[in-house]
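Chain order of the listed sequences is E and B.
Numbering follows this note's numbering, in which position 194 of the first sequence is assigned residue number 194; successive positions increment by one, without gaps.
Just add 876 to wherever you are in the second sequence, counting from 1, and you've got this note's numbering.
See below for the structure under consideration.
Protein chains: 2
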Amino acid sequence: MEKKYVYMFNEGNSTMRNILGGKGANLAEMTNLDLPVPQGFTISTEACTNYYENSQKISSDIKKQIEDSLKKLEQIAKKKFGDDENPLLVSVRSGARASMPGMMDTILNLGLNDSSVEGLAEATKNPRFAYDSYRRFIQMYSDVVENVPKHGFESIIDKIKTKKEIKLDTELNVEDLKEIISTFKEHFKFQKNFDFPQDSAEQIFKAVEAVFRSWENPRAIVYRRMNDIPSSWGTAVNVQMMVFGNMGDTSGTGVAFTRDPSTGENKLYGEYLINAQGEDVVAGVRTPEPISTLEKIMPEIYKQFVEISQKLEKHYRDMQDMEFTIENGKLYMLQTRNGKRTAQAAINIAVDLFDEKMLSKNEAILKVEPKQLDSLLHPTFVPSVLKKSKVLTKGLPASPGAACGKVYFTAEDCVEVAKSKSEKVILVRLETSPEDIEGMVSSEGILTVRGGMTSHAAVVARGMGKCCVAGCGDIKINYEKKEFSVNDIIIKEGDVISIDGGTGCVFVGSIEMQNPEFTGNFGIFMSWADGIRVTKIRTNADTPEDAKIARDFGAEGIGLCRTEHMFFDKERISHFRKMIVSKGLKQRKDALNEIFPMQRSDFEGVFKAMQDFPVTIRLLDPPLHEFLPHSDEGIKKLADDMKLSFDELKITIESLKEFNPMLGHRGCRLAITYPEIVIMQTRAIIEAAINVSKENIKVNPEIMVPLVGDVNELKYIKSIIAETADEIIEKSGIKIEYTVGTMIETPRAAILADEIAKEADFFSFGTNDLTQMAYGFSRDDASKFLEDYYVKKIFEVDPFARLDQKGVGSFMKIASDLGRKTKPDIKIGICGEHGGDPQSIEFCYKLNLNYVSCSPFRVPVARLAAAQAKIKSELE
Amino acid sequence: MEKKYVYMFNEGNSTMRNILGGKGANLAEMTNLDLPVPQGFTISTEACTNYYENSQKISSDIKKQIEDSLKKLEQIAKKKFGDDENPLLVSVRSGARASMPGMMDTILNLGLNDSSVEGLAEATKNPRFAYDSYRRFIQMYSDVVENVPKHGFESIIDKIKTKKEIKLDTELNVEDLKEIISTFKEHFKFQKNFDFPQDSAEQIFKAVEAVFRSWENPRAIVYRRMNDIPSSWGTAVNVQMMVFGNMGDTSGTGVAFTRDPSTGENKLYGEYLINAQGEDVVAGVRTPEPISTLEKIMPEIYKQFVEISQKLEKHYRDMQDMEFTIENGKLYMLQTRNGKRTAQAAINIAVDLFDEKMLSKNEAILKVEPKQLDSLLHPTFVPSVLKKSKVLTKGLPASPGAACGKVYFTAEDCVEVAKSKSEKVILVRLETSPEDIEGMVSSEGILTVRGGMTSHAAVVARGMGKCCVAGCGDIKINYEKKEFSVNDIIIKEGDVISIDGGTGCVFVGSIEMQNPEFTGNFGIFMSWADGIRVTKIRTNADTPEDAKIARDFGAEGIGLCRTEHMFFDKERISHFRKMIVSKGLKQRKDALNEIFPMQRSDFEGVFKAMQDFPVTIRLLDPPLHEFLPHSDEGIKKLADDMKLSFDELKITIESLKEFNPMLGHRGCRLAITYPEIVIMQTRAIIEAAINVSKENIKVNPEIMVPLVGDVNELKYIKSIIAETADEIIEKSGIKIEYTVGTMIETPRAAILADEIAKEADFFSFGTNDLTQMAYGFSRDDASKFLEDYYVKKIFEVDPFARLDQKGVGSFMKIASDLGRKTKPDIKIGICGEHGGDPQSIEFCYKLNLNYVSCSPFRVPVARLAAAQAKIKSELE
């Protein structure tokens, strides 16, 4: 039997998401639920894959299935495709497994040509509507399928409007539109050297191909990378009967959520426009009406819609995001999907759905994307300061949070300034479009002049957890002058503003921010997560301050305390530099003695901040050259300080330079050449532990040796640590239990972990270095070529952001297995930056790691991710 | 039962080498053969290990066993240890599993004290001998056991000689010696604050401990590292009755080989001294007589010795190196061992022993150390030039080969100049001592004034395959002025001389050298090896010249042809630089087009040189920055050439700098960013193959992609290669079969080799990079800290010289297994520098690699090593 590539809506259901895409599966499901869905069919994601494997051609087999399905659709619609009298018009839309709003192409009104447009005019008794639809179709098709730029068509319309001395599109009459259509076709032929296609079959195959192609357009690739969507998934294509919201005052179109996507409040929430097409609402060109007002205008339709939304929410057991169209007083459902929501809303909805007995606790936990929590953890404006701040203007509170930053007017500028100058920026645009994605990523917040709560800017910002104020109509932007004005106040490019996505307020200058609090539903929700998860969550913190923040966020220990960071302090670095450039043991020991009391007091602070929780302290790790001055001034200062000649010191500093510092004299290699550093650090750790334990705080320091590649390295350093520590402990008479372990961050350590485990009390995966060495490229240098890797689809994600489970993960699995073979109860954790990434945490859970350690602000994310990992593994 | 740590000579045999050490096992074996061996016992290597594990103390258990053995020895000798009347004297000598000549300590005449010396005088009727032995013992014991420097004792002797107005030690009479002994003891007490020990039991335990300790002295550690002897082996200690060669004219001592260790000639070969102790011969202070002259002086003894040597050679089935002493007309055998020999001798002896039916072919093959062959492959002086060169002076031809180099007079200077200036040096010394080892390693050759064919310099040089001229008595060295003279010709430090270790001749200036020829026994022997081995031997060669040399050495293909080396040519590098700094595709393609014909003609040359053998060509690999000028001049020149401004070019060059070039934009990453380079290289390879195949040479190029970490990289590049190559081949109408494979040199590639094998026709292990990435240190940077690793016994060998079988080897095993799982017949080789190291080759044989590839001069070494690997595996 032939493989099935095309499914009528009534042949699918919501479980067929992988084949039909999200949109297609839900259209099928709604059809099964007997909801008023304009019928159609879905060309599967497998057809897309087939298209790419088949040198970007639709196979004859698939073409045949599309033709058959079109015939079925004609029977259902009782209209004929390309018919002169009552033509069937369809929309052709992409629909991937995961929602990728606005990333791919759509064509509406397909099926129109020079003769069918007349049939449409006749059948609808609305010639203006028919010709307007046709000119829209020519524009859209030319752009999407034939790559004829939009602006050429727009200037044709402008010319005719000027000629007719009219301003609005709506003022164009049938004759005007006919003239436009004719000029459009001429323009098309001029551009392409062939006539605008009149054959509806040709139109549809070309349109389907264009949608397939759009799966690989640059902005789709960027979006996929950001959202971890593999390119191998492909997109499905939905071909659906057109319904029209722009046929007059009994028509309209809108989008709605079953609950408030900003707050989670259980209340129908949405917007609509009368006499408009769907694109008008989404693009944010006209500002729409709140959904509640529909009750007055069309009470029957409203009632029907409320019933449908409730039915859908119950059916999907989640908040729904729906699109609908009213055509001549009849309601049609165009789409439903689980709605995107803010983190706040996600938590409130999850807790509410549990309370409403719609979800179990485990199901509720899975309803919140761990990454989203991030937006709840970042500061908001200090209310007292906010109260006194004068509001410049107000827009819609499109995505909550607060942001201060310098104003820039293009996505490119935002990317440039944020990256190269590391400055905080706010993107200000009339409205945003998918091309602006990267600029939005780089910005602290987004401010738009047009568009509503469901405009592109609002939807995308909420997805990113970025603050956004939309539809701020008082603002006049002058892109050329690079400024905007509100009344007579002018804000230039580079000026600082503050925006509050929770209220929609915009302020001049920056406003003090404060840390968030974690009570109410957040607290309830996180306590559920903590009750479920088994993986401990630690933090990477080098100072008592960071340790405190992390504990407030729920950290259960420190997984990585980097001792070197303690030396970057202005006052200390000079002592540390002396240690580095010292000639001989005596000088080095003297310098170490100066550093010693500082290290001890740092450790005391960290131990106190973590109370009874474990603290893993890593011995000095980075190449020493990093700490040295490189400017002649800096060298001169240090030389004076050390009573050395400038030349002498310069030579010493030169001699410490390395060809490949990442592969140089660092990590445990420093400890082997300079055991006196280990002795000093061990003394500081143990004496600090003794002092703090006198205050009735339990301190069990875990001393961690970095960059081990051979068990002998660890053995040698461990013996120094033990000798130093045991002597101090014995003298003090206070019992301190300490352990000595190692990072697993070289591939050799991973593969010889059974030997290393003999000497190690614990392992901690340093996945940053492990990634660098497994691939053989350094993070700093890889950025130069990784962009090409994404473009050429060699990599889909950055292995430094998302753990490479296949390669680096194999090393981790080997190392855990070998380590536990030697020492079944060896404690194993991860302290690379992957420790805060939900997918990587899921992998760590599968490896049965004892803990993950991440930056303080990632701790809640990790807590939730660890809970979800456990739940998911039980579902498998 | 108690563990046995001490063995009487008659309790052991030659198979117990691991426990008794080489010397101990052979003394036991000779005892079993009823040869005249002074009896004694061996304290096992396990006792040494026990000593180190027991905090450097001899356990009471072992002490007890030593005491018991001493008692047994007293019964055999019919003398009593420490006795006042007829005392038993013993020697205490080290003896490890592997011979380490002169590396560890020895004490003679142990058992003497103030009263037993009188008994000895009485018993031997030779008071002068007795007191001279006592003062020697005090000197040696103080130095070795108590670390009292020798020179203090020497200056005491000098003072007394001055006082007595005598010149030679032999002129000292009994009273002088008694005075010396008394002053020695005072000196000892002054240095150590306790009396020189009179208790013989104390003496012996202390002496044994000192020998154990000497296992870890710095020169022993260096020697072990050079010779791959693990520190865990430990040394045995032999306690043996003293016999004296210095009791008058019917006494003597000597060393001899059953065959000539320089040429292999089947003829007793050796030297002896009448009225001397063993140390006198080895130290080279007096120049000894050839062994053949002994026949006249002591015909009976000579006859007995010849019989013994023949018996020993037959017994051990190998050339023997023997030490003997004649005490008052009676012959004693002190040692026998398989003799060290030159490469030439090793081959001749192996072939002869096979011809004499003493060895099978396989056994004969195992008799030559592959590394040794090296010395046969390097140039000798061109005979015609040599004939015309005036001989400055002549010494003994102590180790064959030829060398030119600058003269230096200390080992330190040789190391320094050879390492830091990469200059060729010749070490010139009165005589060498074990402290000079590292200087000898760094030198091209060694020239000594004193000492014979078995002096330290000669033995060690032969072991190293270095050229050595010894006992060159005409030379007067002035260490202070840093010069030497022969008659009135003065050679200063840094002047160039040439030495011929085959003739003993020394020349002023340098003499032209020539390549060796491979005929006679060498040819026979290598053909045996080739008949046995299954591993193919390829070479790493980038030019037709190197390819030719390698073929002459027996290479069966090129395993690595580095295309980038072709660009370092003066004329070409400018084109290559243009390619690197070009702005945009067009400029880069233009530059590549200029390079293209050169690459093609290079490949033609290489293909022709290798005739029908396979050639693996690696695509451009190193970071581009390596090729660029870094001086302002160089940049200016290139800028002019390219019609760029200096500043513009400098910025481009700066922008290409990387933090960690080893982990940067190199290898296949270049091919991904600049596919046009791959296209050019593929064109050059395939067109060259087509052109050469027209000359009836079979060319099957193997195109190798470097630094792959992910199968997608290989897939992408392979598709470019295939597209380019297939088009050219099709056009040409000539059938060229090419394959595309990859280096396995990142740990990730190793662990994902099953995936990668889907796209690869072959694998080649790049063990240099694999070692760097597995350990996480780069070769260039590691030299800074590896020295500390050796000193602290964290590493015993350099993982870049000897394959790290445990770590890197595991990656190779994983990769071969996975690769063959996907593609059972995938061709796998190694092209890292380890491919020329015998132990590493043995490992590769065990992994069943298809070939190893090494530098041309290592090819014969590899051929032999591969044969030995197979023979050894069959013995296992």
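Beta carbons are placed, not taken as given, at the ideal position from N, Cα and C, and that holds for glycine.
Can you tell me the Cα-Cα spacing of residue i and residue j, whole angstroms?
{"i": "B:THR907", "j": "B:ALA1334", "result": "30 Å"}
{"i": "B:PHE1639", "j": "B:GLY1617", "result": "6 Å"}
{"i": "B:ARG1678", "j": "B:ASP1713", "result": "7 Å"}
{"i": "E:ILE138", "j": "B:ARG1545", "result": "44 Å"}
{"i": "E:LYS536", "j": "B:VAL1020", "result": "59 Å"}
{"i": "B:LEU1590", "j": "B:MET1580", "result": "10 Å"}
{"i": "E:LYS357", "j": "E:ASN266", "result": "14 Å"}
Using a Cβ cut-off of 7 Å, pull out every chain E residue sitting near residue i, in sequence order please.
{"i": "B:ARG1624", "result": "ALA774, TYR775, GLY807"}
{"i": "B:LYS1668", "result": "ILE672, TYR716"}
{"i": "B:SER1686", "result": "ILE751"}
Whose Cβ in chain B lies nearer than 9 Å to the Cβ of residue i?
{"i": "E:PRO661", "result": "PHE1535, ASN1536, ASP1657"}
{"i": "E:ASP158", "result": "Near E:ASP158 there are no residues of chain B at all, since even the closest Cβ is about 37 Å away, more than 9 Å."}
Show which residues of chain B have a CB atom less than 8 Å away from the CB atom of residue i.
{"i": "E:PHE785", "result": "HIS1541, ARG1545, ILE1548, THR1549"}
Note the first and the last residue of the continuous beta strand (DSSP E) segment covering residue i.
{"i": "E:LYS394", "result": "391-394"}
{"i": "B:GLN1116", "result": "1111-1117"}
{"i": "E:PHE763", "result": "762-765"}
{"i": "B:VAL882", "result": "882-884"}
{"i": "E:GLY809", "result": "That residue, E:GLY809, is in no beta strand (DSSP E); its alpha helix (DSSP H) goes 808-822."}
{"i": "B:GLY971", "result": "966-972"}
{"i": "B:ALA1279", "result": "1278-1284"}
{"i": "E:SER485", "result": "483-486"}
For a contact defined as C-beta to C-beta under 7 Å, what are the partners of residue i on chain B?
{"i": "E:PHE386", "result": "The identity of residue 386 of chain E in the sequence shown is Leu, whereas the question assumes Phe. What E:LEU386 touches in chain B: nothing, since even the nearest Cβ is about 43 Å away."}
{"i": "E:SER631", "result": "Within 7 Å Cβ-Cβ: nothing; E:SER631 doesn't reach chain B, min ~17 Å."}
In the DSSP output, what is residue i paired with across the bridge?
{"i": "E:SER853", "result": "E:ARG538"}
{"i": "E:GLY254", "result": "E:TYR272, E:PHE324"}
{"i": "E:CYS831", "result": "BP columns for E:CYS831 are empty, so no partner."}
{"i": "B:CYS1720", "result": "Beta-bridge pairing links B:CYS1720 to no other residue."}
{"i": "E:ALA310", "result": "One detail in the question is off: residue 310 of chain E reads as Gln in this sequence, not Ala. For E:GLN310, which the question treats as bridged, DSSP gives no partner whatsoever."}
{"i": "E:TYR332", "result": "E:THR325"}
Provide the residue span of the alpha helix (DSSP H) that contains residue i, from first to last.
{"i": "E:ARG748", "result": "747-751"}
{"i": "B:PHE1070", "result": "It is not in any alpha helix (DSSP H) - B:PHE1070 carries neither H nor E in the DSSP assignment."}
{"i": "B:CYS1290", "result": "1287-1296"}
Taking C-beta pairs closer than 7 Å, name the residues in chain D that residue i reaches, listed in chain order.
{"i": "E:ASP788", "result": "Structure shown: chain D not included; protein chains present are E and B."}
So which residues on chain E does residue i lean against when the C-beta distance must stay under 9 Å?
{"i": "B:SER1654", "result": "GLU658, PHE659, ASN660, MET662, LEU663, GLY664"}
In chain order, what residues of the stretch 1578-1595 of chain B put their CB closer than 9 Å to some CB of chain E?
Per Cβ criterion, the list reads LEU1583, GLY1585, ASP1586, ASN1588, GLU1589, LYS1591, TYR1592.
Residues, ordered as in the chain, of the stretch 585-597 of chain E that lie near chain B by beta-carbon distance below 8 Å
For the stretch 585-597 of chain E, there are no residues whose beta carbon sits under 8 Å from a beta carbon of chain B.
Which residues, in chain order, does the stretch 1628-1644 of chain B contribute to contact with chain E at a C-beta distance below 9 Å?
Of all residues in the stretch 1628-1644 of chain B, LEU1628, GLU1631 have a Cβ within less than 9 Å of some Cβ in chain E.
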